[in-house]
Structures are given as structure tokens and as C-alpha cells.
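Note that the protein sequences, when read in sequence, are chains A and B. Position in the first sequence counted from 1, then plus 65, gives you this note's numbering. Position in the second sequence counted from 1, then plus 65, gives you this note's numbering. All C-beta atoms in this analysis are idealised placements derived from N, C-alpha and C, irrespective of residue type, glycine included. Some notes on the structure that comes next.
There are 2 protein chains.
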Amino acid sequence: MFLSKASEYGIKSMIFIANQSLINKRSNVNEIAEAIGSPVSYTAKILQILGRNNLIQSVRGAYGGYEIEKRNVKEINLLDIVIAIDGDAILNACVLGLSHCSSDNPCPIHEKYAKLREQIIMAFRHADLKELSQKLDSKFITLKN
Amino acid sequence: MFLSKASEYGIKSMIFIANQSLINKRSNVNEIAEAIGSPVSYTAKILQILGRNNLIQSVRGAYGGYEIEKRNVKEINLLDIVIAIDGDAILNACVLGLSHCSSDNPCPIHEKYAKLREQIIMAFRHADLKELSQKLDSKFITLKN
DNA sequence: CTTAAATAGGACAATTTAGTCCGATTTAGA
DNA sequence: TCTAAATCGGACTAAATTGTCCTATTTAAG
């Protein structure tokens with residue numbers, strides 16, 4: 066329901082990297098996967114996607130890893146991450162899977178879902194990495210089981 | 066994003082069957098799959114699930130098919146259908162996939178998502194089959210591409 | 001009673017998504 | 001310059017979802 070595993074891991078990775086970046090720490094894939102409880106190699110693949118989409122900076126070689134420029138932490142939100150990984154279906158796709166669903170040629174749920182979609186988009190856009198990553202400093206808030 | 070193919074087909078089937086039931090017509094799986102543009106055998110499987118969950122009545126044998134009791138058409142909504150097919154993840158599951166996410170042990174998005182989830186549930190619960198199936202009588206509103 | 005039309009259900013195949021592995025490349029530091 | 005630690009990226013495998021096919025059962029009607 067809702068997000069792919071890839072997006073779940075992508076979001077968790079971004080929150081962790083942001084949290085570390087705010088204290089000037091670069092994270093490598095082992096640390097990230099450990100922190101979020103995800104498979105290392107699969108996480109690596111998702112980090113590549115995030116890098117190609119310029120949501121994180123990757124640094125190769127010894128002492129390398131991933132980081133987010135501090136000034137970007139507040140600008141990046143969950144919508145950016147989900148779009149980078151799963152594409153823009155969240156913005157456009159018909160909830161019933163019709164490829165030509167539009168206000169001219171709507172499915173029976175089109176209008177209702179348009180309103181809900183707006184709420185979903187707003188909620189995701191409003192959730193920025195600064196806010197989310199700061200929560201991690203509370204020991205009650207977790208990224209893994 | 067969001068619904069499985071199974072739920073998509075299930076919802077479309079239900080809307081079509083409801084539309085036909087309101088004019089006292091029973092539908093068979095070939096008619097349903099044709100009307101919604103879905104694979105016949107897979108649709109048959111989903112109809113079985115809907116039947117087991119008492120969202121439709123199935124009638125075996127010649128002149129059989131599927132129907133919805135008229136008095137139920139207004140009571141059944143999209144939330145019922147999605148839960149019958151995909152289970153209750155839509156009601157409970159953590160958006161980041163954590164199995165122990167709760168207000169006691171929350172993920173960083175828990176609170177924000179709780180509000181969004183309420184909106185999603187409300188939207189789905191509010192979309193009843195009577196309303197949706199009546200839209201089908203407009204030639205502008207479609208269930209297939 | 002027989003037949004034809006329908007659902008029920010299980011086994012299987014295809015596709016997509018999730019996850020693994022390994023060699024190539026990059027880079028800091030001894 | 002060499003080595004160790006890291007990402008990159010492609011090929012592969014595993015699991016889940018989607019889709020197909022076939023047989024059994026049910027039922028209305030001739």
C-alpha cells in the first residue's frame with residue numbers, strides 16, 4: 066500500500082543522512098543500512114538513484130560516503146524523494162490505473178481523488194528533511210524496528 | 066503507487082456490477098472484464114475474493130453471474146473493497162514499513178501521516194457504490210481506456 | 001437426463017519488484 | 001606508489017504480484 070520498498074528505504078536513508086550531515090558527518094552505505102534496517106546492497110542502489118537526482122552528494126574512495134549540503138536540508142521534502150525513486154505517478158496517475166483518465170475523460174473517482182491527491186501531495190511536500198531528521202535526536206523516534 | 070492491480074480491478078468490477086444490479090441485471094465475468102478492460106481469469110479470481118467477503122453475491126450455473134443486492138449498493142464503499150482485497154494495511158500500516166511503529170514508538174513521519182491517513186480513509190469511506198455506479202450512466206465517464 | 005453456461009479453485013507461467021554479488025573505479029593516506 | 005575503503009554499475013537471483021489454464025461443480029432449461 067502506497068510506497069514501494071525502494072521509496073521507504075530512500076526516505077529513511079535521506080532522514081538519516083540529513084541528521085548526520087547537520088553535525089558534519091558523512092555516512093557510508095553500511096552505516097546507513099544499519100541505521101535504517103535495510104539490505105546493504107539494495108540500499109546502495111537506491112543511494113545511487115538519489116545521487117543521480119542530486120538529492121545527496123556522493124563521495125567516492127576512502128573516507129567517502131554520502132552527505133547532504135546543510136543549506137539543502139530544509140529544502141528537500143518527501144515528495145522530492147518519492148518522485149526521484151518511484152517517478153511522478155504520485156502526481157498524475159489515475160487511482161484506477163486508467164492511462165487516459167482526465168477531467169475530460171474521467172473515471173468515476175476522478176474528481177474525488179483529485180482532492181485527495183492534493184492533500185497527499187501537500188502532506189509530502191510539507192514534510193522537509195530538516196524537521197524529520199531533527200526528530201531522530203529524540204531517542205523515542207526510530208527508523209528501524 | 067497506492068492501489069494494487071487487484072484492488073483496481075476489484076473496484077472497477079464492483080462499480081460495474083452495482084450499475085447493472087440497479088437495473089436488475091446480473092453480470093458474468095466475461096461481461097465484467099470486457100466492461101472494465103481487465104484480464105478475464107484474473108478478474109474471476111478477484112470476484113471470488115469479493116464474494117467470500119460478501120460484497121457481492123455469486124450465482125453458479127447457467128444464467129448465473131454476480132450481483133449486488135440493491136439495498137447494499139449505497140452501503141458499500143471503496144474502503145470496504147480495498148480492505149477485502151489488499152487487507153487492512155490502509156488502516157494501520159506504517160508509511161515507512163516499520164512493523165512496530167505506533168504513537169509510543171513512532172517513525173519520524175508517524176504524526177504527520179496519521180492525519181493524512183485519516184483523510185485517505187475518509188475519502189475512501191465516503192465514496193459509495195451508489196454514487197459511483199450512477200456516474201457510469203453518463204457517457205463521459207469510463208471504466209476502461 | 002443431458003447439455004450448455006456459468007462460478008470455484010488450484011496449479012502453473014510471466015512479469016515486476018526486491019535483493020545479492022562482484023568487478024571496476026576512485027581516493028585518502030601511509 | 002601501494003593499499004584499504006569507499007561508490008558505481010551491471011548481471012544475476014529470489015520473492016511477490018499479476019495473469020493463464022484446466023478441471024470440477026453447479027444449475028437452468030430443453
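Rounded to whole angstroms, how far is the Cβ of residue i from the Cβ of residue j, which I believe are closer than 8 Å?
i, j, result
"Leu-115 of chain B", "Val-94 of chain B", "No, Leu-115 of chain B and Val-94 of chain B are not in contact; Cβ-Cβ is about 12 Å, not under 8 Å."
"Ala-71 of chain A", "Ile-150 of chain A", "5 Å"
"Ile-186 of chain B", "Leu-156 of chain B", "7 Å"
"Ala-188 of chain B", "Leu-181 of chain A", "4 Å"
"Asn-89 of chain A", "Ser-164 of chain B", "Actually they do not touch by this definition, with Cβ atoms about 33 Å apart."
"Tyr-131 of chain A", "Tyr-107 of chain A", "At roughly 15 Å, the Cβ-Cβ gap does not stay under 8 Å, so Tyr-131 of chain A and Tyr-107 of chain A are not in contact."
"Lys-77 of chain B", "Leu-208 of chain B", "5 Å"
"Pro-173 of chain B", "Leu-201 of chain A", "6 Å"
"Val-51 of chain B", "Arg-91 of chain B", "Residue numbering for chain B in the displayed model covers 66 to 210; residue 51 of chain B lies beyond these limits and cannot be assessed."
"Leu-143 of chain A", "Ala-192 of chain A", "4 Å"
"Leu-194 of chain A", "Ile-141 of chain A", "5 Å"
"Ile-82 of chain B", "Ile-97 of chain B", "7 Å"
"Phe-67 of chain B", "Phe-67 of chain A", "6 Å"
"Gln-199 of chain A", "Gln-184 of chain B", "Between Gln-184 of chain B and Gln-199 of chain A the Cβ distance is about 25 Å, and since that is not below 8 Å, they are no contact."
"Ser-86 of chain A", "Lys-135 of chain A", "6 Å"
Give me the DSSP bridge partner(s) of residue i.
i, result
"Glu-132 of chain A", "A:Gln-122"
"Phe-81 of chain A", "In DSSP, Phe-81 of chain A forms no bridge with anything."
"Asp-193 of chain A", "A:Asn-142"
Quick check on DSSP: helix, strand or coil for residue i?
i, result
"Asp-153 of chain B", "coil"
"Asn-95 of chain A", "helix"
"Asn-142 of chain B", "strand"
"Phe-205 of chain A", "coil"
Name, please, each residue of chain A whose Cβ falls closer than 7 Å to the Cβ of residue i.
i, result
"Asn-118 of chain B", "Those do not exist, as Asn-118 of chain B stays about 17 Å from chain A at its closest Cβ, beyond 7 Å."
"Glu-73 of chain B", "Leu-161 and Gly-162"
Under 8 Å between beta-carbons, which chain A residues line up against residue i? List them in chain order, please.
i, result
"Ile-111 of chain B", "Within 8 Å Cβ-Cβ: nothing; Ile-111 of chain B doesn't reach chain A, min ~13 Å."
Show which residues of chain B have a CB atom less than 7 Å away from the CB atom of residue i.
i, result
"Ile-82 of chain A", "Correct list: empty, because the minimum Cβ distance to chain B is about 13 Å."
"Leu-68 of chain A", "Val-160"
"Asn-76 of chain A", "The question names Asn, but residue 76 of chain A in the sequence shown is Ile. By Cβ distance, chain B contributes Leu-161."
> Which residues, in chain order, does the region 174–192 of chain B contribute to contact with chain A at a C-beta distance below 7 Å?
Replying inline: Contacts with chain A (Cβ-Cβ distance below 7 Å) from the region 174–192 of chain B involve Ile-174, Lys-177, Leu-181, Gln-184, Ile-185, Ala-188 and Ala-192, listed in chain order.
> Relative to chain A, which residues along the region 194–210 of chain B have a C-beta separation below 8 Å, given in chain order?
Replying inline: Against chain A - using a Cβ distance shorter than 8 Å - the residues of the region 194–210 of chain B are Leu-197, Ser-198, Lys-200, Leu-201, Phe-205, Ile-206, Thr-207, Leu-208, Lys-209 and Asn-210.
> What are the residues of the region 85–96 of chain B that lie near chain A, defined by any Cβ-Cβ distance shorter than 9 Å?
Replying inline: Within the region 85–96 of chain B, not one residue has a Cβ closer than 9 Å to any Cβ of chain A.
>> Along the region 156–173 of chain A, where does the CB come closer than 7 Å to a CB of chain B? Name the residues.
In response: Of all residues in the region 156–173 of chain A, Ala-158, Val-160, Leu-161, Gly-162, Leu-163, Ser-164, His-165, Asn-170, Pro-171, Cys-172 and Pro-173 have a Cβ within less than 7 Å of some Cβ in chain B.
> Of the residues that make up the region 132–149 of chain A, which ones have a beta carbon closer than 9 Å to any beta carbon in chain B?
Replying inline: Answer set for the region 132–149 of chain A: Leu-143 and Val-147.
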